[in-house]
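Notes follow the structure.
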Amino acid sequence: MKDNIGWLLIPAIALIAAAIYFLAPQDDPEATLELIQPEPPQQTETPIESNPIPEVIMVDIKGQVANPGVYELQTGARAKDAIQAAGGFLETAETLSINLAMVVQDEMVLYVPEIGEEGAVPAIQAGQPAAADGSPLVNLNTATAEELMTLTGIGPSKAEAILSYRTENGNFQSIEDLTKVSGIGDKTFEKLKEAITVN
1 MKDNIGWLLI
11 PAIALIAAAI
21 YFLAPQDDPE
31 ATLELIQPEP
41 PQQTETPIES
51 NPIPEVIMVD
61 IKGQVANPGV
71 YELQTGARAK
81 DAIQAAGGFL
91 ETAETLSINL
101 AMVVQDEMVL
111 YVPEIGEEGA
121 VPAIQAGQPA
131 AADGSPLVNL
141 NTATAEELMT
151 LTGIGPSKAE
161 AILSYRTENG
171 NFQSIEDLTK
181 VSGIGDKTFE
191 KLKEAITVN
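Here it is in C-alpha coordinates:
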(Lines of atoms letter the chains of each structure in order from A and count residues from 1; the text may use other names and numbers.)
(Lines give C-alpha, C1' and ligand atoms only; values in the text may rest on other atoms or scores of the structure.)
Protein backbone atom coordinates (compact mmCIF):
# COMPACT_ATOMS: atom_id res chain seq x y z
CA MET A 1 0.00 0.00 0.00
CA LYS A 2 2.79 2.45 0.94
CA ASP A 3 4.57 1.66 -2.35
CA ASN A 4 1.43 2.53 -4.30
CA ILE A 5 1.12 5.90 -2.51
CA GLY A 6 4.77 6.70 -3.33
CA TRP A 7 4.21 6.01 -6.97
CA LEU A 8 1.17 8.30 -6.95
CA LEU A 9 3.09 11.20 -5.37
CA ILE A 10 5.74 11.31 -8.12
CA PRO A 11 3.39 12.58 -10.88
CA ALA A 12 1.86 15.08 -8.48
CA ILE A 13 5.25 16.53 -7.53
CA ALA A 14 6.21 16.72 -11.19
CA LEU A 15 3.04 18.66 -11.99
CA ILE A 16 3.66 21.11 -9.14
CA ALA A 17 7.25 21.68 -10.24
CA ALA A 18 6.13 22.28 -13.84
CA ALA A 19 3.48 24.73 -12.67
CA ILE A 20 6.01 26.66 -10.59
CA TYR A 21 8.39 26.85 -13.56
CA PHE A 22 5.80 28.11 -16.05
CA LEU A 23 4.12 30.54 -13.63
CA ALA A 24 7.40 32.15 -12.55
CA PRO A 25 8.06 35.59 -14.27
CA GLN A 26 10.27 35.21 -17.34
CA ASP A 27 12.56 37.83 -18.83
CA ASP A 28 11.05 39.31 -21.99
CA PRO A 29 13.79 39.22 -24.63
CA GLU A 30 11.86 41.69 -26.81
CA ALA A 31 11.61 44.14 -23.92
CA THR A 32 15.35 43.80 -23.36
CA LEU A 33 16.03 44.52 -27.01
CA GLU A 34 13.73 47.55 -26.87
CA LEU A 35 15.62 48.96 -23.92
CA ILE A 36 18.99 48.82 -25.65
CA GLN A 37 17.78 50.39 -28.91
CA PRO A 38 19.85 53.56 -29.45
CA GLU A 39 17.90 56.80 -29.65
CA PRO A 40 17.91 58.52 -33.05
CA PRO A 41 20.21 61.55 -33.18
CA GLN A 42 18.38 64.81 -32.59
CA GLN A 43 18.45 67.34 -35.39
CA THR A 44 19.51 70.80 -34.42
CA GLU A 45 17.87 73.72 -36.17
CA THR A 46 20.15 76.08 -38.00
CA PRO A 47 19.31 79.65 -37.01
CA ILE A 48 18.07 81.78 -39.88
CA GLU A 49 20.22 84.82 -40.34
CA SER A 50 18.27 88.06 -40.67
CA ASN A 51 19.23 90.72 -43.14
CA PRO A 52 21.99 92.80 -41.57
CA ILE A 53 21.28 96.49 -40.98
CA PRO A 54 23.58 98.66 -43.11
CA GLU A 55 26.25 100.41 -41.07
CA VAL A 56 26.17 103.58 -43.19
CA ILE A 57 23.41 105.55 -44.88
CA MET A 58 23.37 108.20 -47.60
CA VAL A 59 21.51 111.46 -46.94
CA ASP A 60 20.93 114.29 -49.43
CA ILE A 61 21.17 117.65 -47.60
CA LYS A 62 19.78 120.68 -49.43
CA GLY A 63 18.97 124.30 -48.74
CA GLN A 64 20.53 126.73 -46.32
CA VAL A 65 23.65 124.82 -45.26
CA ALA A 66 27.27 125.65 -45.93
CA ASN A 67 27.94 122.69 -48.22
CA PRO A 68 24.81 121.06 -49.69
CA GLY A 69 25.27 117.57 -51.06
CA VAL A 70 25.01 113.84 -50.42
CA TYR A 71 26.72 112.71 -47.23
CA GLU A 72 27.57 109.31 -45.77
CA LEU A 73 26.48 108.97 -42.15
CA GLN A 74 26.37 106.20 -39.59
CA THR A 75 23.10 104.34 -39.11
CA GLY A 76 21.15 106.01 -36.30
CA ALA A 77 22.56 109.47 -37.02
CA ARG A 78 20.38 112.47 -36.17
CA ALA A 79 19.50 115.53 -38.23
CA LYS A 80 22.02 117.57 -36.20
CA ASP A 81 24.78 115.17 -37.36
CA ALA A 82 23.70 115.62 -40.97
CA ILE A 83 23.70 119.42 -40.66
CA GLN A 84 27.17 119.34 -39.11
CA ALA A 85 28.43 117.11 -41.93
CA ALA A 86 27.20 119.73 -44.41
CA GLY A 87 29.12 122.50 -42.65
CA GLY A 88 26.31 123.79 -40.44
CA PHE A 89 23.46 126.24 -40.98
CA LEU A 90 23.85 129.44 -42.96
CA GLU A 91 22.77 132.67 -41.30
CA THR A 92 19.75 132.69 -43.60
CA ALA A 93 18.55 129.23 -42.47
CA GLU A 94 15.15 128.81 -40.83
CA THR A 95 16.48 126.57 -38.07
CA LEU A 96 13.14 126.31 -36.26
CA SER A 97 11.76 124.22 -39.13
CA ILE A 98 14.25 121.39 -38.58
CA ASN A 99 13.87 118.77 -35.84
CA LEU A 100 17.54 118.25 -34.99
CA ALA A 101 16.73 115.19 -32.86
CA MET A 102 15.11 113.38 -35.81
CA VAL A 103 16.77 110.11 -36.87
CA VAL A 104 17.70 110.34 -40.53
CA GLN A 105 17.13 107.43 -42.91
CA ASP A 106 18.95 106.04 -45.94
CA GLU A 107 18.11 107.93 -49.20
CA MET A 108 16.48 110.71 -47.17
CA VAL A 109 16.35 114.32 -48.39
CA LEU A 110 16.88 116.85 -45.60
CA TYR A 111 15.88 120.33 -46.74
CA VAL A 112 16.72 123.45 -44.74
CA PRO A 113 14.49 126.36 -45.83
CA GLU A 114 15.42 130.04 -45.85
CA ILE A 115 14.01 132.43 -43.24
CA GLY A 116 10.56 133.55 -44.38
CA GLU A 117 10.42 130.96 -47.18
CA GLU A 118 6.83 130.13 -48.07
CA GLY A 119 5.76 126.51 -48.33
CA ALA A 120 8.63 125.34 -46.14
CA VAL A 121 8.32 121.72 -45.09
CA PRO A 122 7.37 121.49 -41.39
CA ALA A 123 10.03 120.14 -39.04
CA ILE A 124 8.25 116.86 -38.34
CA GLN A 125 8.10 116.16 -42.08
CA ALA A 126 11.58 117.41 -42.92
CA GLY A 127 13.44 115.15 -45.30
CA GLN A 128 10.33 113.58 -46.82
CA PRO A 129 9.75 113.91 -50.58
CA ALA A 130 7.24 116.62 -51.43
CA ALA A 131 4.33 116.82 -53.84
CA ALA A 132 3.96 119.54 -56.47
CA ASP A 133 2.12 121.79 -54.01
CA GLY A 134 4.93 121.50 -51.45
CA SER A 135 3.11 119.09 -49.14
CA PRO A 136 4.98 115.90 -48.19
CA LEU A 137 4.25 112.73 -50.15
CA VAL A 138 2.64 109.88 -48.24
CA ASN A 139 4.84 106.78 -48.31
CA LEU A 140 2.61 103.75 -48.85
CA ASN A 141 5.22 101.48 -47.26
CA THR A 142 5.60 103.38 -43.98
CA ALA A 143 2.43 105.44 -43.52
CA THR A 144 0.09 104.89 -40.59
CA ALA A 145 -3.68 104.65 -40.98
CA GLU A 146 -4.00 108.30 -39.92
CA GLU A 147 -1.46 109.42 -42.54
CA LEU A 148 -3.20 107.39 -45.25
CA MET A 149 -6.52 109.03 -44.40
CA THR A 150 -5.06 112.43 -45.33
CA LEU A 151 -5.18 111.25 -48.96
CA THR A 152 -8.13 112.12 -51.18
CA GLY A 153 -10.69 109.34 -51.21
CA ILE A 154 -9.07 107.28 -48.44
CA GLY A 155 -11.24 106.74 -45.37
CA PRO A 156 -10.80 104.41 -42.38
CA SER A 157 -11.86 101.24 -44.23
CA LYS A 158 -9.58 101.83 -47.22
CA ALA A 159 -6.69 102.82 -44.96
CA GLU A 160 -7.06 99.52 -43.11
CA ALA A 161 -7.24 97.67 -46.44
CA ILE A 162 -3.92 99.25 -47.48
CA LEU A 163 -2.27 98.25 -44.20
CA SER A 164 -3.64 94.69 -44.52
CA TYR A 165 -2.33 94.40 -48.08
CA ARG A 166 1.08 95.64 -46.95
CA THR A 167 1.16 93.09 -44.12
CA GLU A 168 0.15 90.17 -46.34
CA ASN A 169 2.14 91.02 -49.48
CA GLY A 170 5.07 93.11 -48.30
CA ASN A 171 6.02 96.60 -49.47
CA PHE A 172 4.49 98.21 -52.52
CA GLN A 173 6.92 98.07 -55.42
CA SER A 174 5.29 100.97 -57.29
CA ILE A 175 2.48 103.42 -56.62
CA GLU A 176 0.42 101.59 -59.27
CA ASP A 177 0.33 98.56 -56.94
CA LEU A 178 -2.18 100.53 -54.86
CA THR A 179 -4.89 99.50 -57.34
CA LYS A 180 -4.38 95.89 -56.21
CA VAL A 181 -5.87 96.82 -52.84
CA SER A 182 -9.51 95.84 -52.47
CA GLY A 183 -11.80 98.84 -52.84
CA ILE A 184 -9.29 101.09 -54.62
CA GLY A 185 -9.97 101.49 -58.31
CA ASP A 186 -8.43 103.50 -61.13
CA LYS A 187 -10.54 106.60 -60.38
CA THR A 188 -9.37 106.74 -56.76
CA PHE A 189 -5.78 106.14 -57.83
CA GLU A 190 -5.90 109.01 -60.35
CA LYS A 191 -7.00 111.40 -57.60
CA LEU A 192 -4.10 110.62 -55.28
CA LYS A 193 -1.22 109.37 -57.45
CA GLU A 194 0.52 112.76 -57.26
CA ALA A 195 0.48 112.63 -53.44
CA ILE A 196 1.96 109.18 -52.82
CA THR A 197 5.33 107.46 -53.05
CA VAL A 198 6.88 104.08 -52.26
CA ASN A 199 10.44 105.32 -51.69
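The sequence shown begins at 1 in UniProt numbering and counts up by one.
Using N, Cα and C, we set each Cβ at its ideal position, and we do this for glycine too.
Query raised in the report: By DSSP, does Glu-114 sit in helix, in strand, or in coil?
Result: Against the sequence shown, residue 114 aligns to sequence position 114. Strand, per DSSP.
Query raised in the report: What are the start and end residues of the alpha helix (DSSP H) that includes Ile-98?
Result: On the sequence shown, position 98 is the one that residue 98 refers to. It is not in any alpha helix (DSSP H) - Ile-98 carries neither H nor E in the DSSP assignment.
Query raised in the report: Cβ of residue 200 within 8 Å of Cβ of Val-56?
Result: Residue 200 falls outside the range modelled here, since the chain spans only 1 to 199, and no answer is possible.
Report task. Have a look at the DSSP bridge pairing and note the partners of Val-59. Result -> Stepping through the sequence shown from its first residue, residue 59 is reached at position 59. When beta bridges are read from the DSSP output, Val-59 appears opposite Tyr-71 and Met-108.
Query raised in the report: Who does Ile-196 pair with in a DSSP beta bridge?
Result: Here the question's residue 196 lines up with position 196 in the sequence shown. DSSP, once it has assigned bridges, lists Val-138 as partnering Ile-196.
Query - For Thr-167, the first and last residue of its enclosing alpha helix (DSSP H) - result: Indexing the sequence shown from 1 puts residue 167 at position 167. Taken as a continuous stretch (DSSP letters only), the alpha helix (DSSP H) holding Thr-167 covers 156-169.
Requested in this report: Name the two residues that bound the continuous alpha helix (DSSP H) containing Glu-146.
Outcome: Translated into the one-based positions of the sequence shown, residue 146 becomes position 146. Element bounds for Glu-146: 145-148.
Query raised in the report: Who does Ala-93 pair with in a DSSP beta bridge?
Result: The residue you call residue 93 lines up with position 93 of the sequence shown. Glu-114.
Query raised in the report: Would Val-70 be called buried (16 or more neighbouring beta carbons within 10 Å of its own) or exposed?
Result: By 1-based counting over the sequence shown, the position of residue 70 is 70. So Val-70 counts as exposed.
**Report entry** Buried or exposed by the 16-neighbour rule on C-beta atoms within 10 Å, applied to Ala-145
**Finding:** The sequence position of residue 145 within the sequence shown is 145, counting from 1. That one is exposed.
Query raised in the report: Whose C-beta lies closer than 6 Å to the C-beta of Lys-80 among residues of the same chain, with five residues either side of it excluded?
Result: Taking the sequence shown and counting its residues from 1, one reaches residue 80 at position 80. Taking Lys-80 as the centre and dropping the five residues before and after it, the same chain places the C-beta of Leu-100 closer than 6 Å to its C-beta, in chain order.
Query raised in the report: If you check the beta carbons only, do Ala-86 and Leu-73 fall under 8 Å apart?
Result: Against the sequence shown, residue 86 aligns to sequence position 86. Against the sequence shown, residue 73 aligns to sequence position 73. Taking 8 Å as the Cβ cut-off, Ala-86 and Leu-73 do not qualify as a contacting pair.
Query raised in the report: Can you tell which of Ser-174, Ile-83 and Ile-175 has the C-alpha that lies nearest to the C-alpha of Val-109?
Result: As a working note, residue 109 is residue 109 in the sequence shown. Residue Ile-83 is the option with its Cα nearest to Val-109.
Report task. Provide the residue span of the alpha helix (DSSP H) that contains Lys-80, from first to last. Result -> Your numbering for residue 80 matches position 80 in the sequence shown. Residues 79-85.
**Report entry** Opposing strand residues paired with Val-65 [DSSP bridges]
**Finding:** Reading the sequence shown from its first residue, position 65 is the one you call residue 65. DSSP output for Val-65 lists Phe-89 as bridge partner(s).
Query raised in the report: Among the residues of its own chain, which have a CB less than 7 Å from the CB of Glu-117, if the five just before and after it don't count?
Result: As a working note, residue 117 is residue 117 in the sequence shown. Around Glu-117: Glu-94.
Report task. Verify whether the separation of the beta carbon atoms of Arg-166 and Asn-199 is less than 8 Å. Result -> Against the sequence shown, residue 166 aligns to sequence position 166. Against the sequence shown, residue 199 aligns to sequence position 199. Contact: no.
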